[in-house]
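*Asks:* Can you keep this structure in mind? I'll have questions shortly.
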Amino acid sequence: MNSVMADLSHAWPEVYILTMACVLLVVDLYLTERFRFVSYLLAQVTLLGAAMLTLGQMGGEGTAFTGAFVHDAMSDILKLFIYLVSAMVFLYARDYLKARNLLKGEFYMLGLFGVLGMMLLASAHSLLMLYLGLELMSLSMYALVAFNRDSPVASEAAMKYFVLGAIASGMLLYGMSLIYGATGSLDVATVAQAVTDEGVKGQVIRFGVVFLLVGLAFKLGAAPFHMWLPDVYQGAPTAVTLYLSAAPKIAAFAMFIRLLVDGLSGLVADWQQMLAVMAVLSLAIGNVVAIAQTNIKRMLAYSTISHAGFLLLGVLAGTPDGYAAAMFYTLTYAIMAAAGFGMITVLSRAGFEAEEIDDFKGLNSRSPWMAGMMALIMFSMAGVPPTVGFFAKLGVLEAVLAVDMVWLALAAVFFSIIGAYYYIRVVKVMYFDEAADESPLEAAVDTRIVVSANALAVLYLGLFPGTLMAICNAALGA
Amino acid sequence: MSFERILFYLFAAILVFAALRVISSRNPVHSALFLVLAFFTSSALWILLEAEFLAITLVLVYVGAVMVLFLFVVMMLDINFAPLREGFTRYLPLGAVVALVIVAEIVLVLLRGFDTLSGGAPAPKPADYSNTRAIGEVLYTDYLLPFEIASVILLVAIIAAIALTLRKRPGTRHQDPGKQVQVRKSDRLRIVEMKAEPRAGRAES
Amino acid sequence: MLDNYLPILVFIAIGIAFGVGPIFAGFILGPHRPDAEKLSPYECGFEAFEDSRMAFDVRYYLVAILFILFDLEIAFLFPWAVVLDQLGWFGFWAMVVFLGILVIGFIYEWKKGALEWE
């Protein structure tokens, strides 16, 4: 029994989230429609409490549950950002859902279970836990996409997401089973040991890595496994798109680090090439196709693909600096994405979706402050200094240049410049076009404050990137 | 060739045949039934691998429950399946080429040394060996965390299934036995005091 | 260990022979004289009114999927029951937590009315 307590001492945040999600589930059953906000508050309290618990165990390290669960600096930081981003998402989503009669406890339950899945991914240290964490997260997300069940577009998006996601899970599982067959262990540390030893460096494990990467790339949304992403982002209710776009990327990053770096760093030469192909394709497809979009959710979906390319660049450098740069990139991207989609929910109101780029026309005359915030987010996504997007891209490019992959860095810069066009187009539309409707924004005060804080954080992190950079370096750097 | 190997090839052949029929059968119900056959034969293959518990579970869960669901879903979709097949022949050449390329690639990779696997076949287990016991010994101790997470995934599946498909139908007539039992005479019966009507009134109407 | 399964294999073989053999024999030996009237669907002497396939209510799906979920839960109980004497209280509480999480799911579906047929 003592060993269980020792195991749990590393996993209190997970236990707490699970317990609170179950409490929320039961409490929500007995709430009348008028008191539905209690579910929202409970969800926020849950995230806050989990953040306290995680902060409380910062600095501790160790593995638990016979090596299936690891607690280290990276897992703590990633979890804190997962809570932060999810809390913002829950806030932005609240009024959007309420206006559409979708404010149900299930949104928060599934959201919290998804957060639990992401946390398990951040801490997973065996192939089995990675798979289960991924399934927990994905299952919640499939259901959330179909959340507005009267919408045919959302149902279609959920169906595509589910079918393709199931295939990707199958690929991942097949890759894992090949690696298990070659190394005889599910434990990441043992796999790493077996890979560095001679003998199992055969074709089997490389074969497994290929399938593993297909699954991972799908979940991250990297080209050429990105097909689901634009349709799902566009079809899902904006509140759900918001959820999908932010925190799961952090979990996907954790998956890459746990599998490729912790487990298969002995095969770096093999996965480096594959990641390079995927990174360049993602940058190209993401940035070029986004130009043709008129729907801003779809445009941001392609932008997600291009950001996934940058994330992969950092990982494929194969150096601690590269991993730290990729981590910095992921965390800041999650914040930017939450702000970007959050702004869409702020502009939406009952019966009106601010989904088209044209809906942002003349935002400056309707609300100069919000237009400024949106411009800030767009500049950051484009990578314009002094916003954080610039430093994130710079860090990744430095890491790539440090390992002499000049052509990759050049390709990244080239496509980023192409990409800057469509971000800046949104800014142009806001400032120089006539507004189609002059109605003032309806968003609640707390939403406005947090969206503004979120956008200003993008500027703040750009002006003072040192602290976060140092944290990432401490977690993954040399 | 040993008897076990003959059995393996027999079951494997049935499995491949059934799997092919699943995707080539015209009637979706037949496809589902061929899938049942495929599950049965793969469970026989697992028995050959001495994984009895998993073999039985496969039959219990997949044949017993999942296939029932499949059949329901096939019945639920009130669609004519013929138009769905129209694209099949059109895309067949492209699909076949892609499939062949993948198979060729896999073969090329595998021929270059898939048998680096060490160890070889494990020794056959004694007659009183219990596979179920072996699973139980590690599942609830070494794999405690994955085991509990499995229940969380099942819980999410329950929530998702109910959130997505449960609809309240207004206007359906249904009985509530509890209410029926609680009914008192005063709820249903009203005794009205009135004078007796003359007989003639009735004749008039 | 596989030797234990030999009788079952024999049993399956004989079962298939008994089940399939007569049908196959009837198919081979019986007379075949089909005509259009014989091959048409028979519905109490009437012409068939409609297609025999009809859409099921989506409520069956909910019942079936809830059944699968609890069926899976039961699959976890078998190995547990076999080794409970070795696992002791540790194994007992592990299963209590597992079942507890699913009981919450059960409360949810009961209170939501997913078990009502209306």
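Protein chains in written order, with the working numbering: chain R, 619 to 1096; chain E, 230 to 434; chain H, 49 to 166.
Ideal Cβ positions, reconstructed from N, Cα and C, are used throughout, including at glycine.
Predicted, not measured: the structure shown is a model, and the values here were computed from it.
Taking 9 angstroms as the CB-CB cut-off, is residue 160 (chain H) touching chain E?
*Replies:* On the third sequence, position 112 is the one that residue 160 (chain H) refers to. For residue 160 (chain H), the answer is yes, since a Cβ of chain E falls inside 9 angstroms of its Cβ.
*Asks:* Throw me the rounded Cβ distance for the residue 962 (chain R) and residue 952 (chain R) pair, which I believe falls under 8 angstroms.
*Replies:* By 1-based counting over the first sequence, the position of residue 962 (chain R) is 344. By 1-based counting over the first sequence, the position of residue 952 (chain R) is 334. Contact doesn't hold; Cβ gap of about 16 angstroms is too wide.
*Asks:* If you reduce the DSSP assignment to three classes, tell me which class residue 583 (chain R) lands in.
*Replies:* Only positions 619 to 1096 of chain R appear in this structure, which leaves residue 583 (chain R) out of reach.
*Asks:* For residue 695 (chain R), which residues from the same chain have a beta carbon less than 7 angstroms from its beta carbon, with the 5 sequence-adjacent residues on both sides left out?
*Replies:* For the purposes of this step, residue 695 (chain R) is taken as the residue at position 77 of the first sequence. Closer than 7 angstroms at Cβ, skipping near neighbours: 1089, 1093.
*Asks:* Determine, using beta carbons only, whether residue 726 (chain R) and residue 646 (chain R) come nearer to each other than 9 angstroms.
*Replies:* Looking up residue 726 (chain R) in the first sequence gives position 108. Looking up residue 646 (chain R) in the first sequence gives position 28. Cβ distance < 9 angstroms, so residue 726 (chain R) and residue 646 (chain R) count as in contact.
*Asks:* Which residues does DSSP list as the beta-bridge partners of residue 566 (chain R)?
*Replies:* Absent from the model: residue 566 (chain R). The displayed extent of chain R is 619 to 1096, so no value can be given.
*Asks:* Classify residue 1084 (chain R) as helix, strand or coil using the three-state DSSP reduction.
*Replies:* Your numbering for residue 1084 (chain R) matches position 466 in the first sequence. The answer is helix: DSSP assigns residue 1084 (chain R) an H, G or I state.
*Asks:* For residue 1016 (chain R) and residue 999 (chain R), I'd like the C-alpha separation in whole angstroms.
*Replies:* On the first sequence, position 398 is the one that residue 1016 (chain R) refers to. On the first sequence, position 381 is the one that residue 999 (chain R) refers to. Cα to Cα, the separation comes out at about 18 angstroms.
*Asks:* Tell whether a beta-carbon distance below 9 angstroms holds between residue 757 (chain R) and residue 386 (chain E).
*Replies:* Taking the first sequence and counting its residues from 1, one reaches residue 757 (chain R) at position 139. Taking the second sequence and counting its residues from 1, one reaches residue 386 (chain E) at position 157. Cβ atoms of residue 757 (chain R) and residue 386 (chain E): closer than 9 angstroms.
*Asks:* Which residues in chain R sit within 7 angstroms of residue 156 (chain H), going by Cβ to Cβ distance?
*Replies:* Working through the third sequence from its first residue, we reach residue 156 (chain H) at position 108. The answer, in chain order, is 643, 647.
*Asks:* Is residue 7 (chain H) close to chain R? Criterion is C-beta to C-beta, closer than 9 angstroms.
*Replies:* The question about residue 7 (chain H) has no answer here: the residues shown for chain H are numbered 49 through 166.
*Asks:* When DSSP labels each residue in this structure, what does residue 912 (chain R) get in the three-state scheme?
*Replies:* Taking the first residue of the first sequence as 1, we reach residue 912 (chain R) at position 294. DSSP places residue 912 (chain R) in coil when its eight states are reduced to three.
*Asks:* Please report the residue range of the alpha helix (DSSP H) in which residue 270 (chain E) lies.
*Replies:* Reading the second sequence from its first residue, position 41 is the one you call residue 270 (chain E). Segment 257-277, the alpha helix (DSSP H) holding residue 270 (chain E).
*Asks:* Taking the DSSP output, what are the residues bridged to residue 967 (chain R)?
*Replies:* To locate residue 967 (chain R), count along the first sequence from 1; it is residue 349. Partner(s): R:970.
*Asks:* Out of E:271, E:296, E:293, which has the shortest C-alpha to C-alpha gap to residue 284 (chain E)?
*Replies:* Taking the first residue of the second sequence as 1, we reach residue 284 (chain E) at position 55. Closest option to residue 284 (chain E), Cα to Cα, is E:271.
*Asks:* Taking the C-alpha atoms as reference points, what is the distance between residue 91 (chain H) and residue 379 (chain E)?
*Replies:* As a first step, residue 91 (chain H) must be located in the third sequence, where it is residue number 43. As a first step, residue 379 (chain E) must be located in the second sequence, where it is residue number 150. Looking at the two C-alpha atoms, the distance is approximately 49 angstroms.
*Asks:* Can you tell me whether residue 434 (chain E) is helix, strand or coil according to DSSP?
*Replies:* Mapped onto the second sequence, residue 434 (chain E) falls at position 205. The predicted model places residue 434 (chain E) with a pLDDT of 48, which falls under 50 and marks its position as unreliable; any figure quoted below should be read in that light. DSSP places residue 434 (chain E) in coil when its eight states are reduced to three.
*Asks:* Tell me the start and end of each unbroken alpha helix (DSSP H) in the segment 338-395 of chain E that is at least 4 residues and wholly inside, in chain order.
*Replies:* Taking only runs of at least 4 residues, the alpha helix (DSSP H) segments lying wholly in the segment 338-395 of chain E are 360-368, 373-394.
*Asks:* Locate the beta strand (DSSP E) running through residue 680 (chain R), then write down its first and last residues.
*Replies:* Along the first sequence, read from residue 1 onward, the residue named residue 680 (chain R) stands at position 62. Element bounds for residue 680 (chain R): 680-682.
*Asks:* Counting only beta-carbon atoms, is residue 289 (chain E) nearer than 9 angstroms to chain H?
*Replies:* Taking the first residue of the second sequence as 1, we reach residue 289 (chain E) at position 60. Closer than 9 angstroms to some Cβ of chain H, the Cβ of residue 289 (chain E) qualifies, so yes.
*Asks:* What residues in the segment 365-382 of chain E bring their beta carbon closer than 8 angstroms to a beta carbon of chain H?
*Replies:* Against chain H - using a Cβ distance shorter than 8 angstroms - the residues of the segment 365-382 of chain E are 365, 366, 368, 369, 370, 373, 376, 377, 379, 380, 381.
*Asks:* Just grab the DSSP bridge partners of residue 91 (chain H) for me.
*Replies:* Position 43 of the third sequence, counted from the start, is the residue given in the question as residue 91 (chain H). Paired residues: H:94.
*Asks:* Does residue 285 (chain E) come within less than 9 angstroms of chain R when only Cβ atoms are used?
*Replies:* The sequence position of residue 285 (chain E) within the second sequence is 56, counting from 1. Not one chain R Cβ lies under 9 angstroms of residue 285 (chain E).
*Asks:* Can you give me, in chain order, the residues of the segment 72-85 of chain H that have a beta carbon less than 8 angstroms from any beta carbon in chain E?
*Replies:* Going along the segment 72-85 of chain H in chain order, one finds no residue with a Cβ nearer than 8 angstroms to chain E.
*Asks:* Is there at least one Cβ from chain R nearer than 9 angstroms to residue 64 (chain H)'s Cβ?
*Replies:* As a working mapping, residue 64 (chain H) is identified with position 16 in the third sequence. For residue 64 (chain H), the answer is no, since every Cβ of chain R falls outside 9 angstroms of its Cβ.
*Asks:* Within 9 angstroms (strictly less), CB to CB, does residue 57 (chain H) reach chain R?
*Replies:* Position 9 of the third sequence holds residue 57 (chain H). So, not an interface residue.
*Asks:* Just curious, the alpha helix (DSSP H) that residue 982 (chain R) is in, first and last residue?
*Replies:* Against the first sequence, residue 982 (chain R) aligns to sequence position 364. Residue 982 (chain R) -> alpha helix (DSSP H) spans 981-984.
*Asks:* Residue 356 (chain E) to residue 49 (chain H), Cα distance in whole Å?
*Replies:* As a working mapping, residue 356 (chain E) is identified with position 127 in the second sequence. As a working mapping, residue 49 (chain H) is identified with position 1 in the third sequence. Cα to Cα, residue 356 (chain E) sits roughly 4 angstroms from residue 49 (chain H).
*Asks:* Per DSSP, what kind of secondary structure is residue 744 (chain R) in: helix, strand or coil?
*Replies:* As a working note, residue 744 (chain R) is residue 126 in the first sequence. Three-state result, residue 744 (chain R): strand.
*Asks:* Please classify residue 119 (chain H): does DSSP put it in a helix, a strand, or coil?
*Replies:* Along the third sequence, one-based indexing puts residue 119 (chain H) at 71. Helix, per DSSP.
*Asks:* If contact is defined by three or more beta carbon pairs under 8 angstroms, each pair taking one atom from either stretch, is the segment 932-943 of chain R in contact with the segment 885-902 of chain R?
*Replies:* Yes: at least three Cβ pairs fall under 8 angstroms.
*Asks:* Compute the beta-carbon to beta-carbon distance between residue 685 (chain R) and residue 805 (chain R), rounded to the nearest angstrom, for a pair I have assumed lies under 8 angstroms.
*Replies:* Here residue 685 (chain R) corresponds to residue number 67 of the first sequence, with the count starting at 1. Here residue 805 (chain R) corresponds to residue number 187 of the first sequence, with the count starting at 1. About 5 angstroms; that satisfies the 8 angstroms criterion.
*Asks:* Taking DSSP as the reference, what is the three-state secondary structure of residue 805 (chain R)?
*Replies:* One-based indexing of the first sequence puts residue 805 (chain R) at position 187. DSSP places residue 805 (chain R) in strand when its eight states are reduced to three.
*Asks:* Kindly confirm or deny that the segment 1033-1046 of chain R and the segment 988-1003 of chain R touch, where touching means at least three C-beta pairs closer than 8 angstroms.
*Replies:* A contact exists between the segment 1033-1046 of chain R and the segment 988-1003 of chain R.
*Asks:* Please list, in chain order, all residues of the same chain as residue 157 (chain H) whose beta carbon is under 8 angstroms from its beta carbon, the five residues on each side excluded.
*Replies:* If you number the third sequence from 1, residue 157 (chain H) lands on position 109. Correct list, in chain order: 114, 163.
*Asks:* Chain R partners of residue 333 (chain E), CB-CB under 9 angstroms?
*Replies:* For the purposes of this step, residue 333 (chain E) is identified with residue 104 of the second sequence, where counting begins at 1. The contacting residues do not exist; residue 333 (chain E) stays about 14 angstroms from chain R at best.
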